[in-house]
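Here's the structure we're looking at; comments come further down.
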Amino acid sequence: MLEEENYACFDFVRKSWSAIDALAAEEGGLHKLSSKFHSCSDIQNASALTDTLNDFYTAF
2 MLEEENYACF
12 DFVRKSWSAI
22 DALAAEEGGL
32 HKLSSKFHSC
42 SDIQNASALT
52 DTLNDFYTAF
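Numbers 2 to 61, taken from the working numbering, label the letters of the sequence shown in order.
Structural data, given as structure tokens:
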């Protein structure tokens with residue numbers, strides 16, 4: 002059951018990637034994403050964030 006819940010959560014996050022891409026394309030968008038995700042340093046591009054999220058959610 003836990004595996005099914007983890008997949009559902011990952012699927013939900015993956016579907017949000019288009020919103021991440023859209024915000025990253027805006028002026029100041031990468032800074033907003035860095036703030037929202039409390040990153041230790043500024044996110045350099047949307048792929049850096051989505052790759053990290055992918056790594057995090059597929060680790061379970």
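By construction, the Cβ of each residue, glycine as well, lies at the ideal position given by its N, Cα and C atoms.
Item: Assigned secondary structure, Ser-35 (DSSP; H/G/I helix, E/B strand, else coil); Value: helix
Item: Three-state secondary structure assigned by DSSP to Gly-30; Value: helix
Item: Sub-8 Å separation of Ala-47 and Ala-20 beta-carbons; Value: no
Item: Straight-line Cα distance separating Gly-29 from Asp-56; Value: 25 Å
Item: Inter-residue spacing [alpha-carbon to alpha-carbon] between Ser-36 and Asp-43; Value: 8 Å
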